[in-house]
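J.: With my numbering, letter number 368 in the sequence shown gets 435, and the count goes up by one each step, no holes.
Built from N, CA and C at the ideal position, the CB exists for glycine as well.
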Amino acid sequence: MDVTREYWMRVTMTAAVMVAVAAKAPGTLHISLHIKQTRVTDVSTVEREFVTDINMAEEEPINLYVNHTQVMDISITEGKSVSIIFIADLPPPHTNTYFLIEEHSPDGISHVMVVPPVVKAKINMNFTTEPKVMGTFNLIGTLLGFTNITISLVTGQGGTLLTSRPYTIKVQRIHSFLEKIFSRCLLAVITVVYINMGCTLDTTGVIDTLRKPFAPVIGLFLQYLLMPMVSYGIGYTLFREQPALWFGMLIVGSCPGGGGSNTWTHLLNGALHVSVTMTFTSMVVAFIALPLWFYLLGDTIFQCGIKLLPYGEMAGLMFGIVLPCAVGISISHLLPRVANILRSLLTPAVVFFVLFATTLSVVTNLYIFELFTWKVAVAGMALPWAGFGFGAAAGLVCRRPWQEVMTIAIESGIQNTGLAISIIKVVLEGWSPLGELIVVIAVAVSLLTLPPLLVALVTKISLPYCTTTHPYEDADGVNLSEKPATIKTPLCPTKYQPTS
Numbered sequence: 068m069d070v071t072r073e074y075w076m077r078v079t080m081t082a083a084v085m086v087a088v089a090a091k092a093p094g095t096l097h098i099s100l101h102i103k104q105t106r107v108t109d110v111s112t113v114e115r116e117f118v119t120d121i122n123m124a125e126e127e128p129i130n131l132y133v134n135h136t137q138v139m140d141i142s143i144t145e146g147k148s149v150s151i152i153f154i155a156d157l158p159p160p161h162t163n164t165y166f167l168i169e170e171h172s173p174d175g176i177s178h179v180m181v182v183p184p185v186v187k188a189k190i191n192m193n194f195t196t197e198p199k200v201m202g203t204f205n206l207i208g209t210l211l212g213f214t215n216i217t218i219s220l221v222t223g224q225g226g227t228l229l230t231s232r233p234y235t236i237k238v239q240r241i242h243s244f245l246e247k248i249f250s251r252c253l254l255a256v257i258t259v260v261y262i263n264m265g266c267t268l269d270t271t272g273v274i275d276t277l278r279k280p281f282a283p284v285i286g287l288f289l290q291y292l293l294m295p296m297v298s299y300g301i302g303y304t305l306f307r308e309q310p311a312l313w314f315g316m317l318i319v320g321s322c323p324g325g326g327g328s329n330t331w332t333h334l335l336n337g338a339l340h341v342s343v344t345m346t347f348t349s350m351v352v353a354f355i356a357l358p359l360w361f362y363l364l365g366d367t368i369f370q371c372g373i374k375l376l377p378y379g380e381m382a383g384l385m386f387g388i389v390l391p392c393a394v395g396i397s398i399s400h401l402l403p404r405v406a407n408i409l410r411s412l413l414t415p416a417v418v419f420f421v422l423f424a425t426t427l428s429v430v431t432n433l434y435i436f437e438l439f440t441w442k443v444a445v446a447g448m449a450l451p452w453a454g455f456g457f458g459a460a461a462g463l464v465c466r467r468p469w470q471e472v473m474t475i476a477i478e479s480g481i482q483n484t485g486l487a488i489s490i491i492k493v494v495l496e497g498w499s500p501l502g503e504l505i506v507v508i509a510v511a512v513s514l515l516t517l518p519p520l521l522v523a524l525v526t527k528i529s530l531p532y533c534t535t536t537h538p539y540e541d542a543d544g545v546n547l548s549e550k551p552a553t554i555k556t557p558l559c560p561t562k563y564q565p566t567s
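As structure tokens, this is what we get:
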């Protein structure tokens, strides 16, 4: 009888403890995490590293350690694994318990893989004070971004006894060798294209444009007064609750015109000398305009303290246009036969540049498409398309020649997304990987700038009679600036007389 009574007393006490714990669940789980980083070659063959010699941390609700150093969050890279060992207080006696590790991503996208997601609770007696429960799991970075994980102590019946606080996980991205090769090859292709442009460039037209800078002034007004406010408004409308993306939108909209504007101006038979002049002047003004806009509007979006801009890269981009063009101009004067050959290769070189840059930028940034949302797509279309529309309207209102109208539209709509990406990474370097995430805005703008330009190019090719003669030069490259031209298409003005 005494044995039976003692047995039922123990059962009753155990049930009472479980009810008391369940009444407070979910509570705070006292856990110490010890982390060791390892390289992952195959997720299915991840080795689970059990550490037998555990050093106890100070008594705090949760202690997190990376390589024996206490931290507040975990930072891993894509394709790598972090082996985590956690220690918790003993669960109620006579309960079949295990630990459940779950990811809670703020953006709804999975950024890590937990292997295994369920860990059996094991009692470890190698502690000086009292026995503890320990377990281990591997955390694998799968996609750039921020996420959280929680560790819950649950029963075999599915009830949750205790839950830890969320641990912040930052998944970083390592730039691949392919990206480095791409950037160097792209630099070489751009240099060749601009040397060819220098051979084709009408230096007299550049000088006239600088003397009477109607188009550059219009372009600067649009680029640095209108477009930043347009990008700010688009960001306010779409990303009011996502200030990081809103801030990225402002950066892209405040950047000068991109080098791609010169290539598309040539492909669409715009005024190339006007385009190069506008690109150069916008790069010069960017040294003043960019910090001004960031000072006026940046802090209203993202309180990150903008103290540094990549002025060196901005100067490099500017000289990357001027120096190759100067080389091409020198070749046209010193080696006219070579210049003629380079002129004939300009269009194929430009087409190759557009295809090369677009294809490889997509291949090296495939992760970006997993971060695409409908809002990112709309923002990527709205900004450049608004620039095209405002540029064309401003050119027509100011009664500029048809080629200049097209050039102003192209210069206003194409943003220098390469510079924008550099600025984002420099400004937000201390908030990594936030800068890599905001890059999705610049990539979206870059890719969605192409549809209107491709439509215009297809229209130009399908209507060749629209380009048989035009105000500045004919198919043989003869300068027609001083001659009136008659255009036989409703797409272009009739009986066009160049104006000053």
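1. Across which residues does DSSP place residue 241 in a beta bridge pair?
2. Using only the alpha-carbon positions, how far apart do residue 320 and residue 152 sit?
3. Name, in chain order, the residues that DSSP records as bridge partners for residue 189.
4. If residue 239 sits next to residue 176, beta carbons under 8 Å apart, how far is it from one beta carbon to the other, in whole angstroms?
5. Between the C-alpha atoms of residue 480 and residue 408, what's the straight-line distance to the nearest angstrom?
6. CB residue 145 to CB residue 209, shorter than 8 Å?
7. Using a beta-carbon distance below 8 Å, is residue 259 in contact with chain B?
8. Return the bridge partner residues of residue 473 from the DSSP annotation.
9. Would you say the beta carbon of residue 280 comes nearer than 7 Å to a heavy atom of the ligand NAD?
10. How would you label residue 257, buried or exposed, when you count the other beta carbons within 10 angstroms and need 16 or more for buried?
11. Going by beta-carbon coordinates alone, are residue 475 and residue 255 separated by less than 8 Å?
12. Using DSSP bridges, identify the partner residues of residue 180.
13. Kindly indicate which residue of 447, 233 and 224 has the alpha-carbon position closest to the one of residue 214.
14. Ordered along the chain, which non-local residues of its own chain (more than five positions away) have a Cβ less than 8 Å from that of residue 412?
15. Could you say which of 455, 292, 315 and 431 lies nearest to residue 580 if we only look at CA atoms?
16. Pull the bridge partners of residue 582 from the DSSP assignment, please.
17. Among the candidates 310, 489, 415 and 290, whose CA atom is the shortest distance from the CA of residue 360?
18. Counting Cβ pairs closer than 8 Å, one from the region 217-230 and one from the region 348-366, do we hit at least three?
19. By how many angstroms is the C-alpha of residue 389 removed from the C-alpha of residue 464?
20. Short check: CB of residue 12 to CB of residue 311, under 8 Å?
21. Any idea what DSSP makes of residue 228, helix, strand or coil?
22. Within the continuous beta strand (DSSP E) that includes residue 142, where are the two ends?
23. Can you tell me which of 250, 496 and 392 puts its alpha carbon nearest to the alpha carbon of residue 423?
24. My guess is that residue 405 and residue 398 are in contact by the Cβ rule of under 8 Å, so how many angstroms apart are they, rounded?
T.: On the basis of the data shown:
1. Residue 241 pairs with nothing; no bridge assigned.
2. Cα to Cα, the separation comes out at about 46 Å.
3. The partner list for residue 189 (beta bridge, DSSP) reads 201.
4. Residue 239 to residue 176, Cβ: 16 Å. No contact.
5. When rounded, the distance between both Cα atoms is 31 Å.
6. Cβ atoms of residue 145 and residue 209: closer than 8 Å.
7. The chain inventory of the structure shown lacks chain B, comprising one protein chain alone.
8. Here residue 473 is not bridged, per DSSP, to any residue.
9. The ligand NAD is not among the ligands present in this structure, which contains no ligands whatsoever.
10. Classification for residue 257: buried.
11. No, the pair does not count as a contact, with Cβ atoms beyond the cut-off.
12. Bridge partners of residue 180: 207.
13. For the options 447, 233 and 224, the alpha carbon positioned closest to that of residue 214 is the one of 233.
14. For residue 412, where only same-chain residues beyond five positions count, the Cβ hits under 8 Å are 263.
15. This structure leaves residue 580 out entirely; the chain is present only between 68 and 567.
16. The shown model of the chain, from 68 to 567, leaves out residue 582, and the question about it has no answer.
17. Minimum Cα-Cα distance from residue 360 among the listed residues 310, 489, 415 and 290 corresponds to 290.
18. The region 217-230 makes no contact with the region 348-366: fewer than 3 CB pairs, one atom from each, lie closer than 8 Å.
19. Computed Cα separation, rounded: 31 Å.
20. The question about residue 12 has no answer, for the chain in this structure spans 68 to 567.
21. Residue 228: strand per DSSP, three-state reduction.
22. Unbroken beta strand (DSSP E) run through residue 142: 140-144.
23. It is 250.
24. In this structure residue 405 is in contact with residue 398, their Cβ atoms being roughly 6 Å apart against a cut-off of 8 Å.
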